[in-house]
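Keeping their order, the protein sequence lines are chains A and B.
Residue numbers 0 to 524, in numbering that gives the first Met the number 0, belong to the letters of the first sequence in order.
Residue numbers 0 to 524, in numbering that gives the first Met the number 0, belong to the letters of the second sequence in order.
First the structure, in the form of structure tokens, and then the observations on it.
2 protein chains.
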Amino acid sequence: MAAEQDPEALAAARPLLTDLYQATMALGYWNAGRAREQAEFELFFRGCPFGGAFALAAGLRDCVRFLRAFRLQDADVQFLASVLPPDTDPAFFEHLRALDCSDVTVRALPEGSLAFPGVPLLQVCGPLLVVQLLETPLLCLVSYASLIATNASRLRLIAGPKKRLLEMGLRRAQGPDGGLTASTYSYLGGFDGSSNVLAGQLRGVPLAGTLAHSFITSFLGTEVPPDPMLAPAASQGPRVDLAACAEAWLDRVCAHLGLGVQEPHRGERAAFVAYALAFPRAFQGLLDTYSVQRSGLPNFLAVALALGELGYRAVGVRLDSGDLLQQAQEIRRVFRSISAQFQMPWLESVSITVSNNIDEEELTRLAQEGSEVNVIGIGTNVVTCPRQPSLGCVYKLVSVGGQPRMKLTEDPEKQTLPGSKAAFRLLGADGSPLLDLLQLAEEAPPRAGQELRVWPRGAQGACRVRPAHLCEPLPSLAESRAFAQLSLSRLSPEHKQLQQPAPYRVALSDKLQALVARLRAGGSS
Amino acid sequence: MAAEQDPEALAAARPLLTDLYQATMALGYWNAGRAREQAEFELFFRGCPFGGAFALAAGLRDCVRFLRAFRLQDADVQFLASVLPPDTDPAFFEHLRALDCSDVTVRALPEGSLAFPGVPLLQVCGPLLVVQLLETPLLCLVSYASLIATNASRLRLIAGPKKRLLEMGLRRAQGPDGGLTASTYSYLGGFDGSSNVLAGQLRGVPLAGTLAHSFITSFLGTEVPPDPMLAPAASQGPRVDLAACAEAWLDRVCAHLGLGVQEPHRGERAAFVAYALAFPRAFQGLLDTYSVQRSGLPNFLAVALALGELGYRAVGVRLDSGDLLQQAQEIRRVFRSISAQFQMPWLESVSITVSNNIDEEELTRLAQEGSEVNVIGIGTNVVTCPRQPSLGCVYKLVSVGGQPRMKLTEDPEKQTLPGSKAAFRLLGADGSPLLDLLQLAEEAPPRAGQELRVWPRGAQGACRVRPAHLCEPLPSLAESRAFAQLSLSRLSPEHKQLQQPAPYRVALSDKLQALVARLRAGGSS
């Protein structure tokens with residue numbers, strides 16, 4: 000894919016979006032005559048995010064786009080020359096100018112896969128110098144995408160399958176493409192759509208959105224609309240003055256609700272009428288600009304009933320403050336009562352959307368049995384992942400020239416698993432994951448039905464396992480989403496349990512375990 | 000500035016990076032004949048981040064770039080047409096095609112200003128339709144930039160003026176330009192530099208970086224360097240085999256430290272030699288790949304002393320695991336002892352850099368009196384702001400057609416301050432901020448020395464204040480940084496106190512207070 004033809008080229012990471020030490024190390028490798036040695040890095044995380052039991056792998060499509068377009072521009076090379084020693088051999092810069100990723104191969108967990116600690120999300124092979132340079136951008140692209148997808152999937156598991164979940168966090172995101180990434184990968188993780196128009200345009204994420212408080216406060220009620228007339232939905236019969244019709248309905252609504260007809264804010268009503276004139280088939284009211292019960296709700300009902308008379312059905316209301324669950328129950332009660340009173344049965348089931356700093360705890364409350372909330376908009380708490388705003392992925396060298404490499408630091412958590420590896424997900428008879436097996440690339444793949452001796456990480460000894468199936472790959476955003484949902488549905492209840500980590504097993508093969516032991520023993524010699 | 004000539008055009012936000020409801024409201028305004036009415040929005044935050052007493056305003060330059068380039072492309076308009084009702088008047092899309100920000104004016108707190116709750120960071124005036132469309136991108140650009148600058152300034156206040164603080168969080172950032180924004184605005188907030196090459200190239204942020212564990216583990220010690228010879232620093236005298244020279248020094252270092260000469264890892268030493276050959280004037284060692292005391296430190300010393308013999312001075316070491324403070328003390332002790340033993344006095348003061356998940360608590364420890372740490376690299380905890388990953392800025396309509404607008408929602412925290420306003424910072428005789436005064440735009444500006452009656456927000460009544468000075472503006476990243484540091488230095492100790500908020504006063508003028516009271520009383524009528 001040529002960069003010029005890629006509608007997302009503007010959003011893609013650039014080669015210099017990297018840490019300076021990648022460039023200094025590149026010079027070090029080049030100077031040591033090692034730039035083209037074949038090396039392999041693994042990108043993985045060390046612990047599941049949010050204290051949970053799984054993560055979803057995501058960001059692969061962004062990595063592929065980045066790798067395809069990877070090329071240092073003249074200005075990039077000149078900039079690097081300005082920060083490297085002045086006597087650096089010009090041939091090094093020639094080497095950089097010619098670099099691309101045509102000799103780089105990537106194996107990856109399919110987009111949307113369940114992922115577990117220590118199992119590579121990406122395995123990146125190629126010339127040492129270039130695969131080193133890729134470290135920071137690949138981490139940047141995978142880590143946040145996977146974090147967001149995981150966060151979204153946790154929220155989906157709490158909400159259950161029926162509530163609509165909308166991502167609305169662009170304004171709170173950490174930078175513009177933080178927002179684009181959040182919208183894309185919250186959809187992957189199980190949200191139904193986003194408010195982010197760019198995510199709709201570039202990634203095909205379903206969009207949602209209606210109106211904000213500013214639209215409502217912009218109206219005083221003294222404005223004169225250029226055309227207040229609306230034709231009936233079926234396009235038969237005369238056009239009607241919607242504002243006048245809504246005023247007539249307001250009298251009846253207020254009488255039924257026991258409100259003075261002067262109480263509902265006339266500017267708010269004018270805003271609702273203006274919105275309904277523009278979107279007669281998709282009218283929604285935002286209820287809490289002035290007072291939900293005394294203004295927003297009766298104004299919404301007046302306009303919705305006026306539309307109803309013309310054969311249009313209002314689609315929803317939104318609440319953005321106060322006790323969302325309790326208000327939803329009260330609003331549904333009013334909908335039912337008005338629906339019965341005026342024989343508008345569709346009104347009973349008008350959708351109630353809520354938003355306002357909803358987190359896992361509030362979502363649990365809103366999703367409880369009997370809740371009248373239909374749609375839940377989540378912003379800050381999905382896009383910024385406040386419980387853990389970084390997945391903490393790492394990218395570690397595992398082999399050079401076919402020889403295993405291992406970091407043996409005194410901090411055992413930071414030790415790496417050496418060698419070029421293959422990873423397999425072993426599944427039970429019902430398709431649920433049993434464990435992830437890491438073995439050396441040279442070993443024969445495990446077979447379904449075969450009994451295996453494996454070394455679970457963190458355990459003292461080996462154990463035996465007999466997988467019924469092995470896992471398989473998938474593509475595209477929508478398909479990846481279905482894949483993620485399917486995979487999640489097959490997790491055992493302990494894994495879905497969000498408050499504490501369940502012990503999903505990642506295990507090493509006999510040969511890999513032996514290699515680790517050998518390199519550890521050889522320690523610092 | 001034309002978009003094609005702007006080296007950052009690629010990184011800039013795009014018009015469709017917005018919430019769908021901005022587009023639906025735009026149609027609502029257009030349909031109501033109100034697209035060109037003059038409106039004013041204010042962008043502000045409601046509470047200081049991190050439970051602190053101030054924020055730094057930032058992101059203005061990104062906003063200016065965005066506004067200058069703001070223009071919907073044909074593909075953008077076509078996309079909007081695809082998500083709006085099919086019978087939408089084509090003239091609306093023509094209007095969108097012709098939109099730009101030439102009729103929009105922005106007043107703003109200067110980049111790097113201290114900012115307090117409720118005081119506008121931006122005041123955006125222009126045609127209602129376009130200033131509404133700008134809401135989401137402006138929030139996205141200002142909110143995170145200001146959050147990062149504030150977070151960085153808190154870390155700077157803890158570290159004190161002498162420690163070097165480096166931002167190293169690109170790999171943990173929430174998306175590519177989350178990383179670019181973090182690097183830029185952590186510098187504004189008081190960091191000394193960043194590892195992010197793109198921030199150096201595009202924004203002039205000073206860069207830092209040396210080598211990672213992968214560089215070290217990539218060497219076994221059996222590699223044959225193409226050219227192991229190094230000329231002396233003064234370029235006089237014969238070239239020397241640096242590896243051989245380091246081996247000779249290793250014997251002496253190990254003898255002095257009581258280590259076996261086989262203990263230090265030969266691959267690590269080969270990596271240090273390779274790095275030193277590429278960067279003889281900027282040699283640094285990363286010490287914790289195998290064992291700091293038994294391998295990294297003696298290997299570093301052997302290479303540093305070999306370089307020293309040739310007249311080069313090693314510049315530093317880095318630690319990335321374990322107890323960083325304690326190890327720094329031990330390493331400094333060894334530096335002093337080796338320096339005395341071999342009469343290399345410069346070795347005593349070689350810089351010690353530490354990194355590894357450093358947060359405010361750990362930084363407090365590392366910055367304590369007597370600490371031997373010189374440079375502190377912070378990643379995740381500066382770029383993702385885990386204590387509060389979003390500033391929660393809002394963008395509220397305050398006037399249309401010169402008439403004040405107010406959101407009166409039943410949640411008092413979400414009520415807005417109506418009217419087109421001017422804000423003034425009143426300063427004491429020493430230049431320290433006394434309070435921020437919000438008044439109506441039509442009021443005469445306060446004068447230094449004048450006694451004013453003002454209404455502090457959150458207080459019951461009015462009080463009197465007599466400012467010695469009023470505050471003034473500034474430009475550019477480096478100047479803004481200096482401005483921010485100066486402003487911070489003038490905050491009172493209670494404001495710098497990071498654990499709890501100090502009651503910095505934001506107050507309303509008599510006239511603004513009266514307007515609020517009038518609109519509140521007129522409530523929902």
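No residue lacks a Cβ here, since even glycine has one placed at the ideal position from N, Cα and C.
Helix, strand or coil: how does DSSP classify residue i here?
{"i": "G457/A", "result": "coil"}
{"i": "L138/A", "result": "helix"}
{"i": "F423/B", "result": "strand"}
{"i": "V508/A", "result": "According to the sequence shown, residue 508/A is Ser rather than Val. S508/A: strand per DSSP, three-state reduction."}
{"i": "F482/A", "result": "helix"}
{"i": "K395/A", "result": "strand"}
{"i": "F43/B", "result": "strand"}
{"i": "V76/A", "result": "helix"}
{"i": "A107/B", "result": "strand"}
{"i": "C244/B", "result": "helix"}
{"i": "M228/B", "result": "strand"}
{"i": "A52/A", "result": "coil"}
{"i": "D250/A", "result": "helix"}
{"i": "H468/B", "result": "strand"}
{"i": "S350/B", "result": "strand"}
{"i": "C384/A", "result": "coil"}
{"i": "S193/A", "result": "strand"}
Determine the contact status of residue i and residue j, defining contact as a CB-CB distance below 8 Å.
{"i": "G257/A", "j": "V382/A", "result": "no"}
{"i": "E36/A", "j": "L95/A", "result": "no"}
{"i": "V302/B", "j": "S350/B", "result": "no"}
{"i": "V505/A", "j": "R456/A", "result": "yes"}
{"i": "E222/B", "j": "A31/A", "result": "yes"}
{"i": "E39/A", "j": "C124/A", "result": "yes"}
{"i": "P175/B", "j": "P388/A", "result": "no"}
{"i": "N276/B", "j": "I215/B", "result": "In the sequence on display, residue 276/B carries Leu and not Asn. Not closer than 8 Å, so no."}
{"i": "V239/B", "j": "P297/B", "result": "no"}
{"i": "L365/B", "j": "R424/B", "result": "no"}
{"i": "P136/B", "j": "T288/B", "result": "no"}
{"i": "I330/A", "j": "V316/A", "result": "yes"}
{"i": "G378/B", "j": "R171/B", "result": "yes"}
{"i": "A440/B", "j": "A422/B", "result": "no"}
{"i": "L164/B", "j": "L154/B", "result": "yes"}
{"i": "L518/A", "j": "P403/A", "result": "yes"}
Rounded C-beta distance between residue i and residue j? I'm assuming under 8 Å.
{"i": "V82/A", "j": "L19/A", "result": "7 Å"}
{"i": "L197/A", "j": "R280/B", "result": "Not a contact, Cβ separation roughly 46 Å."}
{"i": "V393/A", "j": "F53/A", "result": "18 Å between Cβ atoms; not a contact."}
{"i": "A148/A", "j": "L362/A", "result": "Going by Cβ atoms, the distance from A148/A to L362/A rounds to 17 Å, so no, they are not a contact pair."}
{"i": "L98/A", "j": "V129/A", "result": "6 Å"}
{"i": "S508/B", "j": "E442/B", "result": "6 Å"}
Which term fits residue i, buried or exposed, when burial requires 16 or more other beta carbons within 10 angstroms of its beta carbon?
{"i": "M228/A", "result": "exposed"}
{"i": "K161/B", "result": "exposed"}
{"i": "R45/A", "result": "exposed"}
{"i": "K510/B", "result": "exposed"}
{"i": "T104/B", "result": "exposed"}
{"i": "E347/A", "result": "exposed"}
Short-range partners of chain B found in the segment 161 to 176 of chain A, where Cβ spacing is below 9 Å: M167, G168, L169, R170, R171, A172, Q173, G174, P175, D176
Interfacial residues, the segment 334 to 346 of chain A to chain B, with Cβ spacing under 8 Å: none
Interfacial residues, the segment 207 to 233 of chain B to chain A, with Cβ spacing under 9 Å: A207, G208, T209, L210, A211, H212, S213, F214, I215, T216, S217, F218, L219, E222, V223, P224, P225, D226
Contact set between the segment 343 to 370 of chain B and chain A, restricted to residues whose Cβ is under 9 Å from the partner: N355, N356
With 8 Å as the C-beta to C-beta threshold (strictly closer), list the residues of the segment 176 to 189 of chain A near chain B in chain order. D176, G177, G178, L179, T180, A181
By the 9 Å beta-carbon criterion, what residues does the segment 138 to 152 of chain B contribute toward chain A? L138, C139, L140, S142, Y143, A144, L146, I147
Residues of the segment 285 to 305 of chain A in Cβ contact with chain B at a cutoff of 8 Å, in chain order, please. D287, T288, Y289, S290, V291, R293, S294
Would you list, in chain order, the members of the segment 418 to 443 of chain A that have their beta-carbon closer than 8 Å to a beta-carbon of chain B? none
Can you list, in chain order, the residues of the segment 26 to 59 of chain A whose Cβ is nearer than 9 Å to any Cβ on chain B? L26, G27, Y28, W29, N30, A31, G32, R33, E36, A38, F40
Residues, ordered as in the chain, of the segment 401 to 416 of chain A that lie near chain B by beta-carbon distance below 9 Å: Q402, R404, M405, K406, L407, T408, E409, D410, E412, K413, T415
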